[in-house]
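Residue numbers (my numbering), protein chains in the order written: chain Z, 54 to 432; chain D, 54 to 432.
The C-beta atom is built at its ideal place from N, Cα and C for all residues, glycine as well.
Notes to accompany the following structure.
In structure tokens:
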């Protein structure tokens with residue numbers, strides 16, 4: 054039993070991109086959110102609930118919302134994707150990437166070259182969770198110059214080239230079989246009736262101190278739709294881990310994906326990264342524990358990416374996951390895991406509710422590892 | 054406000070096929086269901102709720118369930134699909150097609166050539182709704198001899214040849230945009246509090262007499278898992294219509310699909326057929342009413358398929374839809390509709406919850422129209 058966030062509205066997570074001399078630049082917002090550990094993060098162009106969009110709270114208009122009108126925009130990506138199914142109840146977001154001519158942004162927004170944004174992923178807690186989740190949905194048929202610039206994995210570009218035409222049926226069949234095996238039935242119970250949880254003066258928390266707490270915060274904000282509000286937030290009791298094992302096999306870049314069951318997913322199970330350990334939780338299986346040890350003990354030359362990145366600060370308070378991407382070789386996938394060409398994972402992202410939020414975060418870190426050397430953080 | 058069927062278990066709808074001299078034969082069950090208007094229909098090999106599968110009612114084992122073990126079977130199709138989102142609440146079924154060696158079936162089951170099964174679609178109320186819904190998910194890269202035998206639309210085979218490699222991104226983007234436009238929020242209310250409905254001695258029905266009624270039936274059955282039971286059933290007050298407009302364009306076979314919102318779909322909207330009018334309901338839009346008139350007034354030579362087919366008799370009582378497939382040309386898609394190459398619709402069926410039950414029924418009627426001339430019903 055656990056509390057979950059019920060937010061049935063479809064929110065919009067959108068990034069506007071514009072052609073630039075180095076490929077594309079993205080319009081990022083330097084946005085402060087109450088749960089951010091370090092103030093502002095590089096957030097999507099628009100990140101808005103339907104209530105925000107319709108100004109249900111009587112607040113200010115959402116800047117740049119008009120760029121994401123599917124009828125008039127040059128739409129690159131438009132799909133519906135899940136959000137952390139461990140704490141959100143059947144939540145779905147609309148994820149969009151649109152192409153626009155370049156323009157001078159208003160205060161609080163700026164164009165950032167995608168290559169630089171990828172490089173900034175190596176900085177802890179800087180690139181917002183939703184920015185990562187949206188960019189992962191891009192059609193990653195990278196321009197040659199973009200890949201070769203920092204390419205550590207030539208097989209990445211080669212494998213991605215097939216992402217629009219690869220046959221997804223074997224992977225979809227496998228995921229269906231995993232879904233059926235793990236499908237569960239949830240019922241809602243009254244909050245005071247949560248067995249194993251207690252309400253203290255400042256939190257709803259588990260008796261055993263694991264997992265997360267629900268806390269209340271009072272927010273005063275500048276530059277937001279409204280100037281202040283109170284809200285509950287999710288605060289994990291520890292750092293989580295998002296890990297991705299990658300492997301060059303037969304000239305193809307493969308990712309070790311996990312079929313992750315989460316109670317809040319609309320179809321029970323989605324493709325997750327190799328390791329998905331929410332802050333305060335133990336590994337979910339012996340296989341995951343073994344793979345975690347393997348990834349964290351990787352020799353330095355095998356580690357492609359290692360940084361601590363935040364969860365979305367609008368609902369999560371100081372929730373952070375260490376993101377590790379590393380090369381491992383010569384290992385069969387355990388039960389519930391599957392080696393997938395990166396093209397297939399990108400292909401599945403075209404369709405809704407197949408690839409979870411943590412996998413999208415891991416995927417963009419992989420791309421960051423390959424196309425962007427750290428700009429500011431010595432390794 | 055309306056009553057809906059809440060059946061959160063994932064059921065299995067599976068058809069076993071075996072290679073035959075004419076391509077493939079399917080193992081059909083002659084199954085009686087309480088809602089069937091004419092006794093038995095040609096049903097899938099296995100059609101079982103999880104409770105059936107696990108014998109929760111203490112009943113007999115489900116025959117041939119063991120053929121559908123994904124770990125050992127030669128799996129052709131394994132996906133999760135919705136069921137009538139107008140009356141089922143977020144219901145999902147596992148849809149499987151497996152290939153087996155031929156064997157002598159037990160009483161009540163027989164192998165039927167797929168070409169014959171397609172031809173039998175032209176008979177009213179004979180091929181079960183779930184048989185249609187499962188067969189539509191097959192990879193319709195038809196063997197040459199199968200297509201040329203009765204081919205009225207050579208563009209069908211040509212278009213289907215691209216179904217595993219076509220780029221589904223434009224269609225997926227369009228569907229996402231439609232989903233967001235139509236997304237709704239539903240809340241559950243107590244059954245006695247349904248405004249506009251009343252409970253009589255023998256039914257829960259709408260005050261205005263439209264739509265459907267919920268009735269109770271007492272069933273005595275032979276050859277089923279248990280010998281008798283009582284259950285509520287959905288009884289529409291009138292015949293429905295499932296219509297599909299098809300068009301040869303640039304040598305490709307295109308289908309006019311509709312983005313159909315249904316309250317019980319897990320992601321609000323799926324691709325539906327051109328016309329989807331549940332029994333007792335009016336057309337949902339002016340565009341649908343106009344297209345309905347156009348389809349029903351088609352000249353005889355343009356009508357590819359016209360038969361009355363039943364909904365699933367386990368939950369629906371005497372629920373039937375006229376299925377019409379006709380060629381129409383030179384007409385732009387109205388708002389909310391889209392011309393899609395048949396390859397794209399088949400490609401979307403690889404992924405879960407994209408193509409609704411009525412569209413699957415219409416799709417298999419199209420295939421029936423093309424590959425099978427009526428076996429028994431004079432036209």
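query	result
Separation of residue 348(D) from residue 379(D), as counted between CA atoms	6 Å
Cutoff 7 Å; reference residue 408(Z); Cβ partners in own chain excluding five residues on either side	323, 324, 398, 401 and 402
Nearest to residue 306(D) (by Cα), restricted to the options 122(D), 295(D), 207(D) and 184(D)	207(D)
Nearest neighbour of residue 87(D), chosen from 148(D), 423(D), 392(D) and 371(D) [CA to CA]	371(D)
Rounded C-alpha distance that separates residue 221(D) from residue 214(Z)	15 Å
Contacting residues, own chain, Cβ-Cβ under 6 Å from residue 373(Z) (five flanking each side not counted)	292, 361 and 363
Cross-strand partners of residue 329(Z) (DSSP beta bridge)	295(Z)
Contact set between the region 60-83 of chain D and chain Z, restricted to residues whose Cβ is under 9 Å from the partner	61, 62, 63 and 65
Proximity to residue 410(Z) [Cα-Cα], best of 92(Z), 310(Z) and 62(Z)	310(Z)
Residue 328(Z) classed as buried or exposed, judged by whether at least 16 other C-beta atoms fall within 10 angstroms	buried
Distance CB(residue 99(D))-CB(residue 118(D)) smaller than 8 Å	yes
Contact with chain Z by residue 147(D), beta-carbon distance below 8 Å	yes
Straight-line gap, residue 161(D) to residue 394(Z) (C-alpha atoms, nearest Å)	44 Å
Reduced DSSP category for residue 319(Z) - H, G, I as helix; E, B as strand; rest coil	coil
Contacting positions in the region 238-249 of chain Z - beta carbon closer than 7 Å to chain D	238
N- and C-terminal bounds of the alpha helix (DSSP H) containing residue 367(Z)	Neither: residue 367(Z) is in no alpha helix (DSSP H) and is coded neither H nor E.
Supposed contact pair residue 57(D) and residue 249(D) - C-beta distance, whole angstroms, cut 8 Å	Between residue 57(D) and residue 249(D) the Cβ distance is about 14 Å, and since that is not below 8 Å, they are no contact.
Any chain Z beta carbon closer than 8 Å to residue 361(D)	no
Host beta strand (DSSP E) of residue 71(D) (start-end)	64-73
Three-state class that DSSP yields for residue 372(D) in the structure shown	coil
Cross-chain neighbours of residue 45(D) in chain Z, by beta carbon under 9 Å	The displayed coordinates of chain D run from 54 to 432. Any statement about residue 45(D) would go beyond what the structure contains.
Under the three-state DSSP convention, the category residue 61(Z) falls into	coil
Nonlocal neighbours in the same chain, by C-beta distance under 6 Å from residue 412(Z), ignoring five residues either side	324, 325 and 326
Contact list for residue 217(D) against chain A, beta-carbon separation under 8 Å	Considering every chain present, this structure includes no chain A. Its protein chains are Z and D.
C-beta neighbour in chain D for residue 229(Z), strict 8 Å	yes
Cβ separation of residue 383(D) and residue 345(D), assumed to be a contact under 8 Å, to the nearest whole Å	So it is not a contact: roughly 18 Å between Cβ atoms.
Option nearest residue 85(Z) by Cα separation, candidates 368(Z), 388(Z) and 385(Z)	368(Z)
Below-8 Å beta-carbon distance, residue 123(D) vs any chain Z residue	yes
Partner residues on chain Z for residue 233(D), Cβ-Cβ distance less than 7 Å	63 and 147
Anticipated Cβ contact below 8 Å, residue 257(D) with residue 149(D), distance rounded	With a Cβ gap of about 34 Å, residue 257(D) and residue 149(D) do not count as contacting.
Same chain only: Cβ atoms within 6 Å of residue 180(D), ignoring 5 sequence neighbours per side	95, 173 and 174
Beta-carbon neighbours of residue 319(D), restricted to chain Z and to distances below 7 Å	319 and 320
Residue 305(D) - containing beta strand (DSSP E), residue span	305-314
Own chain partners of residue 188(Z) with C-beta closer than 6 Å, once the 5 adjacent residues on each side are dropped	417
Short CB-CB distance (under 8 Å) between residue 236(D) and chain Z	yes
Whole-angstrom C-beta distance between residue 79(Z) and residue 165(Z), which should lie under 8 Å	6 Å
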